[in-house]
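Numbering (my numbering), first residue to last: 119 to 414.
Here a beta-carbon is modelled for each residue, glycine too, at the ideal position from N, C-alpha and C.
Single-structure report; data block below.
Have a look at this one:
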């Protein structure tokens, strides 16, 4: 039914020193390249989006002497990372959000919650940084409207039954499966690729743990398979030979990835940060935020 090959942590780093790296602090082991330098000319900067990318770029900008303002459409900071940090085993991620919120207060960064920005016309700041994140990918398969989106489940916005099919065996899908299992439910993962979390840039310790956990606890995993249809009773899946089989389930969660969702406006230039400039992971979001903040 499935096999586990393992994908190395082969993320491309910004230099070739081959030393240790920190996802949260680019200065670690490369302080010559990533170093806070005070600006010669202080600017006002509109940061659209209060997720991790938006908060990090605002933090570095403030440390350099700029005056950033965060415009966040929801009623709190954190973006999609709030959902990512929801499972019981993600307490360190929840602490990270609290740390960023404290940094915003300590650095006197103005934060405007419940303030969606759909264009740039009303913005008076000298510079604009877009950090609006990404939106869930919707699959064109019959019955997809019956699914529960990953964030809806993680945030407790929609309930699921005892047996749950997860579409997508990436990091998010696997963490959802682990969360379901720990809650006493029966997850089933359906993944198109020939391995779980078969992406670059994810810590091998995390992916190896997930694979070993699922194998040890006999969590049902279907690799090299795709969901052909979502029915009232579960899903129909197709394997690489084209064979169709049915999995009975009470609920179906879609964790099929995300696509960038940047805000754009003609006539004004903006710099992109985070998932709106290409979906990545925590390290890529934070490091790219540094790169942008250091160029303003």
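Cα-Cα separation, residue i to residue j
i	j	result
residue 283	residue 199	23 Å
residue 285	residue 357	14 Å
residue 121	residue 160	Interpretation of residue 121 is limited by its pLDDT of 48, a score under 50 that renders its predicted location unreliable; the figure taken from the coordinates is listed afterwards. Roughly 55 Å between the two C-alpha positions.
residue 237	residue 269	26 Å
residue 276	residue 150	47 Å
residue 227	residue 163	11 Å
residue 353	residue 281	12 Å
residue 350	residue 361	21 Å
residue 250	residue 377	11 Å
residue 372	residue 344	12 Å
residue 355	residue 256	17 Å
residue 359	residue 331	28 Å
residue 219	residue 193	13 Å
residue 324	residue 334	15 Å
residue 348	residue 148	49 Å
residue 300	residue 337	12 Å
residue 231	residue 342	43 Å
residue 165	residue 404	14 Å
residue 262	residue 375	14 Å
residue 119	residue 402	Confidence at residue 119 is low in this model, with a pLDDT of 43, below 50, so the placement of that residue should be treated as unreliable; the coordinate-derived value is given next. So the two alpha carbons sit approximately 34 Å from each other.
residue 329	residue 314	7 Å
residue 145	residue 298	37 Å
residue 240	residue 406	26 Å
residue 316	residue 346	21 Å
residue 381	residue 293	29 Å
residue 225	residue 312	46 Å
residue 291	residue 412	34 Å
residue 327	residue 244	46 Å
Nearest neighbour of residue i, chosen from the options [CA to CA]
i	options	result
residue 170	147, 148, 202 and 163	202
residue 295	227, 370, 390 and 412	370
residue 221	239, 240 and 195	195
residue 252	304, 404, 394 and 414	394
residue 379	144, 147, 243 and 254	254
residue 181	156, 413 and 204	156
residue 391	172, 339, 243 and 197	172
residue 271	204, 183 and 374	204
residue 388	313, 242 and 289	242
residue 246	184, 197 and 290	184
residue 278	292, 290, 304 and 293	304
residue 410	176, 158, 143 and 292	176
residue 273	413, 158 and 197	197
residue 217	414, 142 and 152	142
8 Å contact criterion, which residue i and residue j should meet: CB distance rounded
i	j	result
residue 215	residue 178	The pair is not a contact, with the Cβ atoms about 17 Å apart (cut-off 8 Å).
residue 167	residue 229	Wrong, their Cβ atoms sit about 11 Å apart, outside the cutoff.
residue 339	residue 289	The pair is not a contact, with the Cβ atoms about 14 Å apart (cut-off 8 Å).
Buried/exposed call for residue i, threshold 16 Cβ in 10 Å
i	result
residue 258	exposed
residue 234	exposed
residue 223	exposed
residue 126	In this predicted model, residue 126 has a pLDDT of only 47, less than 50, meaning its place in the structure is not dependable enough to derive any value.
residue 140	exposed
residue 408	buried
residue 260	exposed
residue 287	buried
residue 174	buried
residue 124	Low confidence applies to residue 124: its pLDDT is 47, below 50, so where it sits in the model is not reliable enough to give any reading.
residue 302	exposed
residue 213	exposed
residue 322	exposed
Residue i CB to nearest heavy atom of the ligand FMN below 8 Å
i	result
residue 355	For the ligand FMN, the structure offers nothing, since it holds no ligand at all.
When the Cβ atoms of the region 301 to 309 are set against those of the region 349 to 367, are three or more pairs found closer than 8 Å?
yes
How about the region 205 to 219 and the region 384 to 399: do they share at least three Cβ pairs that are nearer than 8 Å?
no
Using 8 Å as the cut-off, can you tell me whether the region 184 to 191 makes contact with the region 254 to 273, which would need three or more C-beta pairs spanning the two stretches below that distance?
no
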